[in-house]
Amino acid sequence: MVSVQDTEGGKAKANIWTDAAKFKANGDKLAADAARLDAAAKSGNLDQIKAAFGAYAGNCKTCHDEFRNN
Ligand code: HEC
Numbered sequence: 677m678v679s680v681q682d683t684e685g686g687k688a689k690a691n692i693w694t695d696a697a698k699f700k701a702n703g704d705k706l707a708a709d710a711a712r713l714d715a716a717a718k719s720g721n722l723d724q725i726k727a728a729f730g731a732y733a734g735n736c737k738t739c740h741d742e743f744r745n746n
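Just remember that my numbering sits 676 ahead of the position in the sequence shown, which is counted from 1.
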């Protein structure tokens, strides 16, 4: 098991270890939304692309707020 002390230099918060299931869920949602964005891009429908991109990009902020310092 890697200890928090071994992660020096990164900006990940310590709760990444205690909340690992949630962290993984955030990553899984990012991957799912990426697949949706890919499908929207292939459809060529701009409204669909905008909506899919918004959902995809929202994952970045959610996870950084929860797990990244600043
Ligand atoms: C599952 C959680 C999660 C998701 C989703 C996520 N990030 Fe991150 N991200 C992190 C964590 C945690 C770090 C800090 C890692 C470190 O410093 O060791 C980070 C770091 C970064 C950094 C480096 C910042 C720095 O100051 O060094 C960039 C750039 C970044 N993320 C961009 C993105 C973008 C763009 C997205 C969306 C497409 C995204 N991330 C989605 C968790 C996430």
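All C-beta atoms, glycine included, are put in the ideal place defined by N, C-alpha and C.
Return helix, strand or coil for residue i, following the three-state DSSP convention.
i, result
"Ala-688", "strand"
"Asp-704", "helix"
"Asp-714", "helix"
"Asp-709", "helix"
Would you mind reading off the limits of the alpha helix (DSSP H) that contains residue i?
i, result
"Asn-735", "722-743"
Report whether the distance from the Cβ of residue i to the nearest heavy atom of the ligand HEC is below 7 Å.
i, result
"Ile-725", "no"
"Arg-744", "yes"
"Ala-733", "yes"
"Lys-687", "yes"
"Leu-713", "no"
"Asn-702", "yes"
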